[in-house]
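Beneath this line is the structure, given in structure tokens, with notes to follow.
Numbering (the UniProt record's numbering), first residue to last: 1 to 575.
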């Protein structure tokens with residue numbers, strides 16, 4: 001790389017034209033860019049929040065107009081175009097790289113013209129539309145992909161509801177809550193895989209991406225195998241976290257959970273495969289896999305429940321078989337894409353290799369444990385309200401409707417978790433912050449649309465899940481209140497995704513623990529824990545606190561906050 005070094009010494013103004021002859025230029029970068037560079041060396045500290053004032057810009061131009069004119073003269077080989085000379089006795093010394101100078105000039109010019117930060121978060125320019133296209137192009141296929149699973153699970157609930165037994169619905173809800181409580185304790189590994197793969201691919205290190213995927217798969221298979229053994233061998237023990245020992249729904253929940261547990265390892269494998277492809281910013285391949293495997297579930301559900309006479313456990317077996325197919329397909333795709341190898345899949349990773357995963361995973365595990373506490377606390381309250389199973393069945397339906405929408409938020413979260421580290425590795429912190437800010441905007445839009453859609457769809461959806469009038473009545477108000485959760489969760493999931501993408505696991509765990517404590521306190525120490533609508537209201541209170549914390553962290557405390565970016569810019573400028 002060629003360096004263009006010059007020293008401009010100005011002492012007085014009488015012999016300035018002769019002194020300009022001592023300046024050596026090689027491929028000059030231009031007067032306009034030079035003017036910006038000179039201005040930048042003396043200008044007051046600018047805020048990242050917006051452009052300098054008109055008075056500031058005027059001062060910069062007045063202070064350095066003469067120097068810019070003399071530089072123009074040096075470039076043109078003629079006389080100075082300035083009307084005044086620099087002040088006597090002043091000394092200006094600049095040494096810079098041509099490429100860096102151009103980049104700095106462009107950055108200064110851009111910062112002078114940038115609108116306030118809140119306005120940049122809105123789609124408002126050609127560049128902004130390109131950013132929106134990238135975000136939505138990643139998020140929408142993920143939304144469809146993730147929505148397929150709860151939609152198919154809703155079909156499970158539909159067929160079980162056709163049996164006309166409230167306890168069967170209550171048992172299914174309890175078994176699913178128990179299964180996912182254990183599943184998500186291990187699923188922090190796939191959660192970490194996406195940003196790690198995105199960072200590795202963004203920096204061009206494909207071997208590192210392969211190692212991260214194989215390490216995650218090995219740990220998922222090991223821990224998932226232990227979880228499967230527990231749920232298959234001792235389902236009643238696991239269900240005691242949700243149900244009382246003598247709960248009538250236990251007779252339905254235990255056999256359902258035993259069959260459902262067979263999908264633990266395949267589900268974790270599929271989740272890791274999906275995360276790896278999301279790290280590659282490829283969301284179409286996972287969508288195709290999800291559509292194929294869940295189509296299989298749709299076909300098997302009624303066949304195993306009715307013609308095979310397996311009853312409600314047929315739905316659990318159908319889910320396990322479709323998950324197994326998905327796991328096998330993802331393993332084949334990862335091997336074909338060279339994101340995994342047989343040798344590494346069966347080779348225990350070294351401590352040095354998994355140390356970052358374990359360190360980050362400890363915080364994510366703590367976060368997931370806090371989430372599980374909130375899930376179990378809510379489910380246990382609902383299951384204990386009424387021995388007939390009506391309220392428990394209603395709570396299961398409310399959750400089923402809510403989960404169909406929550407996966408759309410999860411897609412926004414995953415988009416931020418993949419794009420922020422990828423853009424940061426390629427284009428730096430400022431570009432990464434623009435992606436995060438825009439994701440907040442789209443997350444909020446998605447939350448509002450989901451909330452409105454759920455309110456309008458409740459009268460249509462509720463009769464599909466149960467033929468029992470008492471269950472349908474119990475669902476109405478809690479399901480409508482649940483729509484408010486979607487509106488609040490819009491910025492929550494976008495912010496969580498940005499934090500995941502930056503590896504801020506400890507801060508994320510702290511926020512989740514705080515909101516979980518508020519939720520559990522509201523359920524156990526206030527009248528809210530005595531009704532279904534009270535449970536949803538407690539969740540609304542906790543989610544509001546969570547949204548406040550996540551947004552505040554992003555704007556004021558995180559690495560992409562204005563304060564931190566200014567500090568980093570100062571450090572880099574001082575080097």
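By construction, the Cβ of each residue, glycine as well, lies at the ideal position given by its N, Cα and C atoms.
Taking a C-beta distance under 9 Å as the contact criterion, residue 544 and residue 455 do not qualify as a contact pair. For residue 479, the closest alpha carbon among the candidates 518, 540, 444 is that of 540.
Straight across, the Cα-Cα distance linking residue 293 with residue 459 is about 30 Å. Per DSSP, residue 556 lies in no alpha helix (DSSP H) segment and is marked neither H nor E.
Comparing alpha-carbon positions, the option among 570, 330, 448 lying closest to residue 492 turns out to be 448.
Secondary structure of residue 237 (DSSP, three-state): helix. If you ignore the 5 residues before and after residue 363, its C-beta comes within less than 8 Å of the C-beta of 505, 506, 508, 509, all in its own chain and listed in chain order.
Rounded to whole angstroms, the gap between the alpha carbons of residue 194 and residue 413 is 11 Å.
Rounded to the nearest angstrom, the gap between the Cα atoms of residue 273 and residue 308 is 32 Å. Taking all protein chains shown into account, residue 352 has fewer than 16 neighbouring C-beta atoms within 10 Å of its C-beta and is therefore exposed. The region 375-384 makes no contact with the region 458-476, as fewer than three CB pairs between them are under 8 Å. Looking at 526, 495, 531, 451, the one whose alpha-carbon comes closest to that of residue 556 is 495. Around the beta-carbon of residue 501, 16 or more other beta-carbon atoms lie within 10 Å, marking it buried. For residue 173 and residue 328, the gap between their C-alpha atoms comes out near 27 Å.
Judged by DSSP secondary structure, residue 296 falls within the alpha helix (DSSP H) whose first and last residues are 284-305. For secondary structure counted as the alpha helix (DSSP H) over 4 or more consecutive residues, the region 480-557 holds these complete runs in sequence order: 505-525, 532-552.
Separation of residue 476 and residue 211 (C-alpha to C-alpha, rounded to the nearest whole angstrom) is 49 Å. Under the DSSP assignment, residue 411 falls in the alpha helix (DSSP H) whose first and last residues are 390-427. Less than 9 Å divides the Cβ of residue 439 from the Cβ of residue 498. Taken in chain order, the region 426-461 contains no complete beta strand (DSSP E) segment of 3 residues or longer. Taking the Cα positions, residue 290 is about 22 Å away from residue 419. For the pair residue 242 and residue 388, the Cα-to-Cα distance works out to about 16 Å. With fewer than 16 other CB atoms across the displayed protein chains lying within 10 angstroms of its CB, residue 346 is exposed.
Per DSSP, residue 246 lies in no alpha helix (DSSP H) and is assigned neither H nor E. Under the three-state reduction of DSSP, residue 165 is assigned to coil, being neither helix nor strand. The beta carbons of residue 522 and residue 538 sit closer together than 9 Å. Just so you know, the alpha carbons of residue 261 and residue 430 end up roughly 45 Å apart. If you check the CB distance, residue 356 and residue 313 do not come in under 9 Å. Under the three-state reduction of DSSP output, residue 466 falls in the coil class, being neither helix nor strand.
The three-state secondary structure of residue 124, taken from DSSP, is coil. Contact annotation: residue 224 and residue 267 have beta-carbon atoms nearer than 9 Å.
Residue burial annotation: residue 359 is exposed, with fewer than 16 other C-beta atoms found within 10 angstroms of its C-beta. Contact between residue 230 and residue 239 is ruled out by a C-beta separation of about 11 Å, above the 8 Å threshold. Residue 143 counts as buried, since no fewer than 16 other beta carbons sit within 10 angstroms of its beta carbon. Taking 9 Å as the cut-off, the beta carbon of residue 198 is found closer than this to the beta carbon of residue 421. Residue ranges of uninterrupted alpha helix (DSSP H) with 4 or more members, entirely inside the region 150-200 and ordered along the chain, are 166-186.
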